[in-house]
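Chemist: Got a structure here, written out as structure tokens. Questions coming.
There are 2 protein chains.
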Amino acid sequence: MIEPKADALLTDLYQLTMLQAYIEADQHETAVFELFMRKLPPARNFLVAAGLEQVLQFLENLRFQPDELEWLANCGRFKPKLLDYLQQFHFTGAVHAMPEGTVFFPDEPILRVTAPIAEAQLVESRIINLLHFQTLIASKAARSVLVAPGKTLVDFGMRRAHGAEAALLAARAAYLAGFSGTATVLAGALWNVPLYGTMAHSFIQLHRDESEAFEDFARANPGNVVLLLDTYDTEAAAEKVSRLAKRLKNDGINVLGVRLDSGDLGEHARRVRRILDTANLTDLTIFASGNLDEYSVAKLVASQAPFDGFGIGTRLDASADVPYLDCVYKIQEYAGRPLRKRSEGKATWPGRKQVFRSFDDDGRMGRDVVSLETEAEPGEPLLKLVMEHGRRIEPPVELDAARRVAAENLARLPASLRSLEPANAYDVKISPAIQELANAVDLATNHAERF
Amino acid sequence: MIEPKADALLTDLYQLTMLQAYIEADQHETAVFELFMRKLPPARNFLVAAGLEQVLQFLENLRFQPDELEWLANCGRFKPKLLDYLQQFHFTGAVHAMPEGTVFFPDEPILRVTAPIAEAQLVESRIINLLHFQTLIASKAARSVLVAPGKTLVDFGMRRAHGAEAALLAARAAYLAGFSGTATVLAGALWNVPLYGTMAHSFIQLHRDESEAFEDFARANPGNVVLLLDTYDTEAAAEKVSRLAKRLKNDGINVLGVRLDSGDLGEHARRVRRILDTANLTDLTIFASGNLDEYSVAKLVASQAPFDGFGIGTRLDASADVPYLDCVYKIQEYAGRPLRKRSEGKATWPGRKQVFRSFDDDGRMGRDVVSLETEAEPGEPLLKLVMEHGRRIEPPVELDAARRVAAENLARLPASLRSLEPANAYDVKISPAIQELANAVDLATNHAERF
Numbered sequence: 026m027i028e029p030k031a032d033a034l035l036t037d038l039y040q041l042t043m044l045q046a047y048i049e050a051d052q053h054e055t056a057v058f059e060l061f062m063r064k065l066p067p068a069r070n071f072l073v074a075a076g077l078e079q080v081l082q083f084l085e086n087l088r089f090q091p092d093e094l095e096w097l098a099n100c101g102r103f104k105p106k107l108l109d110y111l112q113q114f115h116f117t118g119a120v121h122a123m124p125e126g127t128v129f130f131p132d133e134p135i136l137r138v139t140a141p142i143a144e145a146q147l148v149e150s151r152i153i154n155l156l157h158f159q160t161l162i163a164s165k166a167a168r169s170v171l172v173a174p175g176k177t178l179v180d181f182g183m184r185r186a187h188g189a190e191a192a193l194l195a196a197r198a199a200y201l202a203g204f205s206g207t208a209t210v211l212a213g214a215l216w217n218v219p220l221y222g223t224m225a226h227s228f229i230q231l232h233r234d235e236s237e238a239f240e241d242f243a244r245a246n247p248g249n250v251v252l253l254l255d256t257y258d259t260e261a262a263a264e265k266v267s268r269l270a271k272r273l274k275n276d277g278i279n280v281l282g283v284r285l286d287s288g289d290l291g292e293h294a295r296r297v298r299r300i301l302d303t304a305n306l307t308d309l310t311i312f313a314s315g316n317l318d319e320y321s322v323a324k325l326v327a328s329q330a331p332f333d334g335f336g337i338g339t340r341l342d343a344s345a346d347v348p349y350l351d352c353v354y355k356i357q358e359y360a361g362r363p364l365r366k367r368s369e370g371k372a373t374w375p376g377r378k379q380v381f382r383s384f385d386d387d388g389r390m391g392r393d394v395v396s397l398e399t400e401a402e403p404g405e406p407l408l409k410l411v412m413e414h415g416r417r418i419e420p421p422v423e424l425d426a427a428r429r430v431a432a433e434n435l436a437r438l439p440a441s442l443r444s445l446e447p448a449n450a451y452d453v454k455i456s457p458a459i460q461e462l463a464n465a466v467d468l469a470t471n472h473a474e475r476f
Numbered sequence: 026m027i028e029p030k031a032d033a034l035l036t037d038l039y040q041l042t043m044l045q046a047y048i049e050a051d052q053h054e055t056a057v058f059e060l061f062m063r064k065l066p067p068a069r070n071f072l073v074a075a076g077l078e079q080v081l082q083f084l085e086n087l088r089f090q091p092d093e094l095e096w097l098a099n100c101g102r103f104k105p106k107l108l109d110y111l112q113q114f115h116f117t118g119a120v121h122a123m124p125e126g127t128v129f130f131p132d133e134p135i136l137r138v139t140a141p142i143a144e145a146q147l148v149e150s151r152i153i154n155l156l157h158f159q160t161l162i163a164s165k166a167a168r169s170v171l172v173a174p175g176k177t178l179v180d181f182g183m184r185r186a187h188g189a190e191a192a193l194l195a196a197r198a199a200y201l202a203g204f205s206g207t208a209t210v211l212a213g214a215l216w217n218v219p220l221y222g223t224m225a226h227s228f229i230q231l232h233r234d235e236s237e238a239f240e241d242f243a244r245a246n247p248g249n250v251v252l253l254l255d256t257y258d259t260e261a262a263a264e265k266v267s268r269l270a271k272r273l274k275n276d277g278i279n280v281l282g283v284r285l286d287s288g289d290l291g292e293h294a295r296r297v298r299r300i301l302d303t304a305n306l307t308d309l310t311i312f313a314s315g316n317l318d319e320y321s322v323a324k325l326v327a328s329q330a331p332f333d334g335f336g337i338g339t340r341l342d343a344s345a346d347v348p349y350l351d352c353v354y355k356i357q358e359y360a361g362r363p364l365r366k367r368s369e370g371k372a373t374w375p376g377r378k379q380v381f382r383s384f385d386d387d388g389r390m391g392r393d394v395v396s397l398e399t400e401a402e403p404g405e406p407l408l409k410l411v412m413e414h415g416r417r418i419e420p421p422v423e424l425d426a427a428r429r430v431a432a433e434n435l436a437r438l439p440a441s442l443r444s445l446e447p448a449n450a451y452d453v454k455i456s457p458a459i460q461e462l463a464n465a466v467d468l469a470t471n472h473a474e475r476f
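Line by line, the protein sequences are chains A and B. The first sequence lines up with residues 26 to 476 when you count with the numbering used here. The second sequence lines up with residues 26 to 476 when you count with the numbering used here.
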């Protein structure tokens, strides 16, 4: 439904009307925009950067196609000079960014675009749209990863994700953050995200009996036998699986596990574990699903319910407790002149910035300093040049490599931030040079305000 | 990024493993599935059906492309018999549905699919994904429409919508529900949704002075002059606009309005209105934006703040207060045999259903009866046959026609349901025949459970 050729029009109208003003005035000087979060929602102690790969693809491929130019020409708002500009448009700028999987905090830019003003402005809407969503999901998924070490976590959320792209990118972002895989087939096909799946209640219901349903499924999918127990009576179904598993074993088919999807999951799991163990099926795994999120998973894990894994769906893919982040893309510099926004309650820091991260003796994140790009601070600089003259400077990062970055970052989180409970904010300092620059910009800005 | 050819793999893995079992067993009998909401979230008194048009497009166009079949063949899970089936797959079933824009309530099916089991099962994930999201957004947008009669309401949410498709479909669903338009250009290009847009703070900031920024924008976009006032000092900017508007008028350019995006919006609007009126600019409209939703819009309207319109963004497109609905697609019948789900807390009503709606003497919705399709109840039947043998029986409904259906439905809402506050539930009766059928199904199901 969303055709790639339509991407250029997936933008806010005001980007095009502003472009018209820039092009009419022959304004092509270099602008610098940075993307960052203004603040953390109360239910997040940190965020995980994700979505850069899709942003770079977007910037490399952004072109206006003939039918799009025709629509723009006919819509009555745009002049030939803008249309000529759009016809030859391609992105020629530079991008600095934190690698996907990097843990970050408010006021820290995770992406900087340096390009002629029209280019840097036009790409705003889609860049935010791509980075905001995957960062939202990776940040939520990481919380389940932290509370369920060693468990198999699977994204089950496609159906109630917000559209096709959300479903697909949620699968990617969750895997990046440390999930084991997804049920969404296309994410497996595009990025080799491991696929998981069982059967639906409808499959059991339309068979004349439950044991026959289990057996039909197992014989048709001999390498992938995970059976759903709660259509009628969970424990009775576990007994049926016990009998069936032995019979199938003789035919070389292994039942891998069972899934529970309703009722008191912890209690059912304990009973089912007992039934399976009694039948010497100690290898069979027990998998939970049904309105789960990091909070319910943490409770099940803490209660030592014998689950091997969890399918987390709607509440992950819709990021139900925090459905959006306060993510913005703001101008920092134009034609060499630093800028800041001063609107009430929405002020920003000016200039091209870098984030330096220092670690404690135990290797955990200690504090970050947001400095000007030109400053040298102790610690590791988190923003790296990834695109120049509109081209990547290195080949695309494999998703598994980004997943390793996330795992390393999560391993170095301060203990207090790992909790699902709100923690004291991580220490992020704004360098004195930025604060001085802000004061200088304010003095200069008073001129703009007067006229 | 999302290519249409990839749609067939945008599904849950278990759909394909279940299909493999059906195909191996040569099970092709007719299944009936219905899509409905199990319950309303506390912050919704009604829902507005939306997304049917995209579902019908999906069903008409669903095919497995050679590269998708190749991926499936190589992934190691699927046998030639399934692959042969998928290669020739197209949807041949029937669809009954409520027209887009229809108000509905829990337990009422808004869509029914009648098709050979493999077809009806395979399409589940994407049908839910499409209907759930647009219904979610239309239902939220309708609340703003109800609390702000006569105001211009515009979707501003693209950047923080959950991906490209969410941005696009949110613009569509909001317009369907009664919004005046959107800022998302592609929604204008695809469906003629009216486009609105102004300018960003960055545009003002990078000019040497604010008045010059206003004038540059106006001269470049003479038919579309809405100026953003809150970059520095809102009231000072209103004075500049007053002076500029008179000068531009001499050149035949009309300033249409101004936008406020921060601070105490109501208070700023009153002051700006006074400044504009004093300058005889009574026609200039004042538009608000900045973290708005139906709750803040209702407050601004109730306070009689002099706003002509509102741009509602993130909280609409992410449906922030209710980020998902309890939307399911459940089997109701297989091979002529009615079925119901009985899992703890997730029981469903069996059989092919119709919803009859009765109206009070004043034309308002009075009560609904969910009956079997074969029953005749008083009132208007809401589900209509829209697809047969995999083909629509009528041409696609224009979005403006669906928008009129929504307007008619909203006009007939009982007064109590129009409030943003939780109201007593609307009266939805389950017919005695369905209840009897459920009992009969339970008796028959005990057989399936025993084995």
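All C-beta atoms in this analysis are idealised placements derived from N, C-alpha and C, irrespective of residue type, glycine included. Here the structure is a predicted model, which means the values were calculated and not measured.
Whole angstroms are fine: how far does the CA of S236/B sit from the CA of K265/B?
Modeler: 6 Å
Chemist: What are the partner residues of V120/B, as DSSP defines its beta bridges?
Modeler: V138/B and M412/B
Chemist: Against chain B, does T42/A count as a neighbour if the rule is that its beta carbon must be under 8 Å from one of theirs?
Modeler: yes
Chemist: Can you pull out the residues from the region 266-278 of chain B whose beta carbon lies closer than 7 Å to at least one beta carbon of chain A?
Modeler: none
Chemist: Report yes or no: is there a C-beta of chain A within less than 8 Å of the C-beta of W374/B?
Modeler: False, the Cβ-Cβ gap to chain A never drops below 8 Å.
Chemist: Taking 8 Å as the CB-CB limit, is R69/A close to chain B?
Modeler: For R69/A, the closest Cβ of chain B is not nearer than 8 Å.
Chemist: Counting Cβ pairs, one atom from each stretch, are 3 or more of them under 8 Å apart for the region 385-403 of chain A and the region 437-457 of chain A?
Modeler: yes
Chemist: What's the C-alpha gap between Q486/B and F89/A?
Modeler: The structure shown has nothing for residue 486/B, since chain B only spans 26 to 476.
Chemist: Closer than 8 Å by beta-carbon distance: list the chain B residues that pair up with Q45/A, in chain order.
Modeler: A245 and N246
Chemist: Hey, how far is the Cα of F335/A from the Cα of A313/A?
Modeler: 5 Å
Chemist: Any beta carbon from chain A within less than 8 Å of R102/B's own beta carbon?
Modeler: yes
Chemist: Does the beta carbon of W96/A come closer than 8 Å to any beta carbon on chain B?
Modeler: yes
Chemist: Within 10 angstroms of its Cβ, does R362/A collect 16 or more other Cβ (buried), or is it exposed?
Modeler: R362/A is exposed by the Cβ-count criterion.
Chemist: Who are K454/B's beta bridge partners in DSSP?
Modeler: V394/B
Chemist: Count the C-beta pairs between the region 180-187 of chain B and the region 150-167 of chain A that are closer than 8 Å, then say yes if the count reaches three, no if not.
Modeler: Under the three-pair Cβ rule at 8 Å, the region 180-187 of chain B counts as touching the region 150-167 of chain A.
Chemist: Listed from N- to C-terminal order along the chain, which residues in the region 437-457 of chain B have their beta-carbon within a distance smaller than 8 Å of any beta-carbon of chain A?
Modeler: Residues passing the 8 Å Cβ filter: none.
Chemist: Along the chain, where does the beta strand (DSSP E) that runs through M62/A open and close?
Modeler: T55 to M62
Chemist: Along chain A, in chain order, which residues have C-beta atoms closer than 8 Å to that of D37/B?
Modeler: F181, M183, R184, A208, T209, V210 and G222
Chemist: Does Y110/A have its Cβ less than 8 Å from a Cβ in chain B?
Modeler: no
Chemist: Considering Cα atoms alone, identify which of D289/A, C352/A, I455/A and D346/A is closest to A330/A.
Modeler: Closest option to A330/A, Cα to Cα, is D289/A.
Chemist: Would G291/A pass as an interface residue toward chain B - the criterion being a Cβ-Cβ separation below 8 Å?
Modeler: no
Chemist: Only counting the same chain, and skipping five residues up and downstream in sequence, which positions put a Cβ closer than 7 Å to that of S169/A?
Modeler: L178, E319, V322 and I337
Chemist: Would you check if there are 3 or more beta carbon pairs closer than 8 Å linking the region 249-268 of chain B to the region 65-78 of chain A?
Modeler: Contact between the region 249-268 of chain B and the region 65-78 of chain A is absent: fewer than 3 CB-CB pairs across the two stretches fall below 8 Å.
Chemist: DSSP three-state label for K274/A, please.
Modeler: helix
Chemist: In chain order, what residues of the same chain have a beta carbon less than 7 Å from the beta carbon of Q112/A, not counting five sequence neighbours either side?
Modeler: Apart from sequence neighbours up to five positions away, the residues of its chain that approach Q112/A with a beta-carbon distance below 7 Å are F89 and L94, ordered along the chain.
Chemist: Kindly indicate which three-state DSSP category V430/A falls into: helix, strand or coil?
Modeler: helix
Chemist: Assign R184/B to one of three DSSP states: helix, strand, or coil.
Modeler: helix
Chemist: Give a yes or no on whether 8 Å exceeds the smallest Cβ distance from M26/B to chain A.
Modeler: Its pLDDT being 32, under 50, M26/B is placed unreliably by the model, and the measurement read from it follows with that caveat. Answer yes: the Cβ-Cβ gap between M26/B and chain A drops below 8 Å somewhere.
Chemist: With distances taken between CB atoms, is the gap from N249/A to A46/B smaller than 8 Å?
Modeler: no
Chemist: Using C-beta distances below 7 Å, list every residue in its chain close to K30/B, excluding the 5 sequence neighbours before and after it, in chain order.
Modeler: Residue placement at K30/B is flagged as unreliable, the pLDDT there being 44, under the threshold of 50; the coordinate-derived value follows with that caveat. If we look at K30/B and ignore the five residues flanking it on each side, its Cβ neighbours are Q90.
Chemist: Can a CB atom of chain B be found closer than 8 Å to the CB of T256/A?
Modeler: yes
Chemist: Using 10 angstroms around the beta-carbon of H232/B, count the other beta-carbons present and answer buried if the total reaches 16, otherwise exposed.
Modeler: buried
Chemist: For chain A, check one thing: does any of its Cβ atoms lie closer than 8 Å to the Cβ of N249/B?
Modeler: yes
Chemist: Can you list the residues of chain B that I153/A reaches, using a CB-CB cut of under 8 Å?
Modeler: R184 and R185
Chemist: What's the call for L468/A, buried or exposed, on a 16-neighbour Cβ count within 10 Å?
Modeler: exposed
Chemist: By Cβ distance below 7 Å, which residues in the same chain neighbour F181/B in space, the five residues on each side in sequence not counted?
Modeler: A208, S314, G336, I337 and G338
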